[in-house]
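Q:
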Amino acid sequence: MPTAADSVLDLPFDAVPDPEEFLRAAMRWHFSPETGSPFWLERASLLDFDPLTDIRTFADLTRFPNLAGELREVRAEDLVPRGYGDRPDVVGVYESGGTTGAPKRIVLLRDWLDRLLGWSSAQLDAHGVPQGVNWLVVAPTGPHMVGDVIKHQTALRGGLAFTVDLDPRWVKKLISEGKGAEAGAYAEHIVDQVAHVLRTQDIGVLMCTPPVLERLAARDDLAKLIEDKVQAINWVGTQMDPDTRHLYRTEVFPGARLYSGYGSTMILGNASERPGLTDDEPCVYDPWSPYMTFSVVDPETGVPVEYGERGQVVMHHVSKSLLMPNNLERDHATRCRPAPGAAQTGDSVADIAPVQEFDNETVIEGVY
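Okay, here's the thing in structure tokens:
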């Protein structure tokens with residue numbers, strides 16, 4: 001049978017816990033023999049501190065080593081906290097994109113998915129994205145998390161999800177081997193599938209990556225279909241430069257709400273674009289803290305940069321279902337203050353761009 005957790009770990013998605021109370025409860029859950037995962041219980045003895053007594057604030061999370069790389073080899077079962085019992089409600093095992101080597105694996109549990117969907121749906125409402133409409137989701141599906149989660153999200157909001165699968169690993173492989181023409185042909189294959197759905201179905205929200213959106217905009221007939229049918233465009237994956245974002249919002253797709261998210265499989269979710277930004281403002285992302293928190297650091301020293309300065313993104317995930325602290329991501333960003341009045345732990349980020357090399361691998365983005 002599942003073991004009871006501190007109530008602060010089971011709050012509704014729209015309740016904001018005291019960050020330090022929440023963090024201490026999470027340490028008790030993940031490092032108690034009755035409730036912690038085999039992954040963390042095995043590694044606790046290797047730490048040079050005691051998480052139960054020494055992790056008191058979110059700044060203390062930097063004391064953890066970055067263990068995300070171990071997710072390439074660890075048994076998925078060992079990531080599930082024992083407190084969920086013998087038959088945990090696992091939605092799926094998902095993998096990172098494999099941009100920087102062998103993919104990392106993570107386990108998505110039902111209670112986290114339900115909480116994530118509630119929060120994400122509230123963010124969509126804040127952006128004016130309509131409920132009760134169908135989505136066309138042009139994104140990676142199995143073994144990747146994003147496509148599956150958005151199908152659940154669409155159902156929660158009362159629509160049908162039409163999908164066109166992207167295989168980002170294949171495109172990155174083609175590009176790395178100098179087969180740019182084949183990568184382009186694959187992208188056109190994706191666009192052709194999107195075109196068929198747009199022509200035959202009622203689509204209210206289009207979710208795709210900037211490279212796919214660029215190809216859709218280049219076809220006059222498809223741009224017209226989007227203008228006539230689509231009420232919101234959610235772009236994800238690779239980033240969009242400010243000039244292109246301004247062009248899409250003001251000239252190419254002025255009738256659709258254009259917004260984005262910034263996330264990672266390793267934090268089991270994403271940060272949301274701050275609602276209310278003007279067409280001329282940078283795209284700022286606010287994390288759902290204290291579950292997901294960011295810091296922007298000098299990659300050489302690990303020290304946070306000043307607000308308005310650029311550095312490398314460090315992500316922390318702390319929830320009942322997963323602990324993954326101090327994960328140095330493959331992205332550079334500008335460090336931003338939280339939105340005025342926001343009860344947010346950690347930084348917001350803007351102007352996301354990939355580093356050129358990460359874990360001794362060249363970073364290739366491709367279509368995602």
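Numbered by the UniProt record's numbering, the letters in the sequence shown go through residues 1 to 368 in order. Beta carbons are placed, not taken as given, at the ideal position from N, Cα and C, and that holds for glycine. Treat the numbers as computed from the prediction; the structure is a model and nothing was measured.
(1) Between the stretch 131-143 and the stretch 201-209, are three or more C-beta pairs nearer than 8 angstroms?
(2) Within 10 angstroms of its Cβ, does Ala271 collect 16 or more other Cβ (buried), or is it exposed?
(3) What is the rounded straight-line gap between the Cα of Val318 and the Cα of Pro290?
(4) Would you kindly work out how many angstroms separate the C-alpha atoms of Arg75 and Val93, rounded to a whole number?
(5) Counting only the same chain and skipping the five closest in sequence on each side, list residues whose C-beta sits under 7 angstroms from that of Pro275.
(6) Tell me the residue span of the beta strand (DSSP E) that contains Ala271.
(7) Three-state secondary structure (DSSP) at Val305?
(8) Output the distance between the C-alpha atoms of Ser348 and Trp288, rounded to the nearest integer angstrom.
(9) Please classify Gln153 as buried or exposed, where buried requires at least 16 neighbouring CB atoms within 10 angstroms.
(10) Answer yes or no: do Pro81 and Ser37 have a C-beta to C-beta separation smaller than 8 angstroms?
(11) Using the beta-carbon count (16 or more within 10 Å), is Ser96 buried or exposed?
(12) Measuring alpha carbon to alpha carbon, tell me which residue in Phe31, His316, Phe294 is nearest Arg337.
(13) Could you check the C-alpha separation between Glu281 and Pro130 for me, to the nearest Å?
(14) For His196, name the three-state secondary structure that DSSP assigns.
(15) Threshold first: 4 residues or longer. Then list the alpha helix (DSSP H) segments lying entirely within the stretch 16-95, N to C.
(16) Strictly by DSSP, which residues pair up with Cys208?
(17) Helix, strand or coil for Val107 per DSSP?
A: Reading off the structure:
(1) Contact check between the stretch 131-143 and the stretch 201-209: three or more CB pairs, one atom from each, fall below 8 angstroms, which counts as touching.
(2) Flag for Ala271 reads buried.
(3) Taking the straight line from one Cα to the other gives about 7 angstroms.
(4) Looking at the two C-alpha atoms, the distance is approximately 11 angstroms.
(5) When the five nearest sequence neighbours on each side are left out, the beta carbons in the same chain lying within less than 7 angstroms of the beta carbon of Pro275 are those of Ala126, His127, in order along the chain.
(6) Per DSSP, the unbroken beta strand (DSSP E) holding Ala271 starts and ends at 269-273.
(7) Val305 falls in the coil class under three-state DSSP.
(8) Looking at the backbone, the Cα of Ser348 and that of Trp288 are separated by about 10 angstroms.
(9) Looking at its Cβ environment, which holds 16 or more other Cβ atoms inside 10 Å, Gln153 is buried.
(10) Yes, Cβ-Cβ distance for Pro81 and Ser37 is below 8 angstroms.
(11) With 16 or more other CB atoms across the displayed protein chains lying within 10 angstroms of its CB, Ser96 is buried.
(12) From the listed residues Phe31, His316, Phe294, the smallest Cα separation to Arg337 is found for Phe294.
(13) Each residue's Cα considered, the two are about 24 angstroms apart.
(14) Assigned with DSSP and collapsed to three states, His196 falls in helix.
(15) Qualifying alpha helix (DSSP H) stretches, in chain order: 19-31, 38-44, 51-54.
(16) According to DSSP, which records beta bridges pairwise, Cys208 is partnered with Trp235.
(17) Under the three-state reduction of DSSP output, Val107 falls in the strand class.
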